[in-house]
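full-length UniProt numbering puts the first residue of the sequence shown at 1, with every later residue one more than the last.
Note that the Cβ used here is the ideal one computed from N, Cα and C, for glycine as well.
Report on the following structure.
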Amino acid sequence: MKLKFIENCEQSRRHHAVSAPVKEHLESHTHQAEFCKDEGVVGQEISEGMHLMPYVMWLIFPFIIRRLTAKYNAKPITLVGVVSVAVMTFSVHDLVLKHQPSARFVSENTLEDEVPTHKYIVEPDYKVIVNNTKSNYTLSVSKDNSSVLDGRPITHVGFLKVHKAASTTTQAIFLRFGWRRNLTFVLPPEYNKFGYPNIISLNESVTKYNTLPPPPGKSFDILCHHVVYGKHEWGRVLPSYSAIVGTVREPFSLFKSILNYFQPGTIQKIERFDKDPIRRFLVTPTKYDSKNPRLSFLNNRLAFEYGVDPKIITSRNVTAFNDYLHNVLDIQFKVVILAKRFDEGLVMVKRKLNWTLNDILYAIKNVRNVKKPDRFKVTDDLKDMHREFARFDYLLYEFFEAKFIRQTYEEGPSFQREVEHFKKTREMVEKYCHTKGDKKPFKVAESDFNQEFEVTKYDCDLMHKGEIMFTQMIRKEQYRSATWGVKKAS
């Protein structure tokens, strides 16, 4: 078997860990590798012929014994020893070849100067991905030792839709991606206790009661509607090798946005007797807010939606929180997008999920009218008080902020160039989408980061379609029925 690995030369500084089973599997086969050189990409093969030599020797072993015994009148036991030494020699030679793979494996703590040309990004099902900025190539190594090299995107995706963290805009990208490829979405019952057909749950993870079963003969591909994250719960509806993506927003900014978007009843009650309700609330938040984080949009909401156990939040157990953060979230989430670096986050999604530039185009959604004055004034001097109250939100955000910075560095200098290219392309597409009358497709030229593609007015409609309308369109396609919000004829 020959395995082929391709990587863009500009990304030679990136490196990732390889699990032992995958390393063992890959090293047990001959590789056909491609190396970056000044004149381009060239191939190198290591012959597999020597791997078969020991087996050939054993097949002809009896014949050799008879001939040598007859010719030299030697004892068979002596000849057995001679031939065994020969076979062992070939086996050792074979072993040496096996452990001289064409690409080295490195660990996460490899020094930058030691980083080799080829790296392997390993997913739970032994999928190995080698990234290329323009058109990625995926080498899937399955558990039954089969492999295939292709350029397909990752289509099994779980997106954690966090409130007020650029999540509606991001969700629209996943909706459009799945719709264009006829993928199957995890959806809630159309009529549920939350009153909207696009909400799975606001206070728990996926259950058999708050989600519909997949259509007959199908399995789920994408989960991207409001629901609390849970590793095991999400694993019941998505394959174990699904890519998990989330968004985060700086907690104090998130706090102000939630206050003025949802205008919580808790704060409104305080407002009746105090002209500075936010300060009064933060002095003793547990006096006014629910002690159960499941029922609060103010009490470490970011951490709760990322699946942190409410008991950890109420007990202020930082040790248990860090254990969950490092041993679950850090491992499970492939990309966590920072709301303040949104375009960079989408380019990271493109690279990590093997998507195209067309896949991550978007129209801004669900942004509060900045001309409308805030009902609740939140001054900067309250930030320290809020940090103490929402400690786990800050710990989670700062962890993923640092991780994202590391990821962008590991992508190399081409990453920022691609971000700038993406921003300019998106601006041109947005302008095209708002140009009335011109029905001709908008052509995006080929670049170092994308092949040539076209954007149509239909694509524009999908990008600007509202969440509930898009959800109902998908529901109608999957389940042949979508009646929520449809006015009945009188």
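| Check | Outcome |
| --- | --- |
| Helix, strand or coil at Ile199 [DSSP, three-state] | strand |
| Under 7 Å between C-beta atoms of Phe449 and His421 | yes |
| Nearest-angstrom beta carbon gap, Pro441 and Val455 [assumed within contact, 8 Å] | 6 Å |
| Contacts around Asp221, its chain only, beta-carbon distance under 6 Å, and the 5 residues preceding and following it disregarded | Thr155, His156, Leu183 and Thr184 |
| For Glu454, the residue or residues it bridges with in DSSP | Lys443 |
| Proximity below 7 Å, CB of Ala166 to CB of Thr247 | yes |
| Integer-rounded CB distance, given that Val335 should sit under 8 Å from Val347 | The Cβ separation is near 10 Å, so there is no contact. |
| Thr379 burial status per 10 Å Cβ neighbour count (16 or more: buried) | exposed |
| Exposure label - His225; buried when at least 16 CB within 10 Å | buried |
| Backbone CA spacing between Phe177 and Thr483 [nearest angstrom] | 24 Å |
| Sequence-distant residues of the same chain with beta carbon closer than 7 Å to Phe400, five excluded per side | Val248 and Val336 |
| Residue environment, Asn198, which counts as buried when at least 16 other CB atoms sit within 10 Å | buried |
| Span separating the alpha-carbon of Val141 from that of Thr170 | Unreliable placement is indicated for Val141, whose pLDDT of 38 sits below 50; the coordinate value is still reported in the next sentence. In a straight line, the C-alpha of Val141 is about 30 Å away from that of Thr170. |
| Unbroken beta strand (DSSP E) run spanning Ala243, endpoints | Ala243 to Val248 |
| Closest Cα partner of Lys311 within the set His326, Lys291 and Leu298 | Lys291 |
| Distance between Ser315 and Tyr288 (C-alpha atoms, nearest Å) | 18 Å |
| Collapsed DSSP secondary structure at Glu467 in the structure displayed | helix |
| Through-space distance from Leu329 to Ala303, alpha-carbon basis | 11 Å |
| Nearest neighbour of Pro153, chosen from Thr425, Arg181, Glu271 and Leu238 [CA to CA] | Arg181 |
| DSSP bridge partner residues for Leu338 (one or two, in chain order) | Val248 |
| Residues near Phe174 by beta carbon distance below 7 Å, same chain, minus five either side | Val157, Phe159, Ile222 and Cys224 |
| Distance between beta carbons of Pro213 and Tyr394, contact taken as under 8 Å | With a Cβ gap of about 39 Å, Tyr394 and Pro213 do not count as contacting. |
| Extent of the continuous alpha helix (DSSP H) to which Phe174 belongs | Ser167 to Arg180 |
| Buried/exposed call for Ala402, threshold 16 Cβ in 10 Å | exposed |
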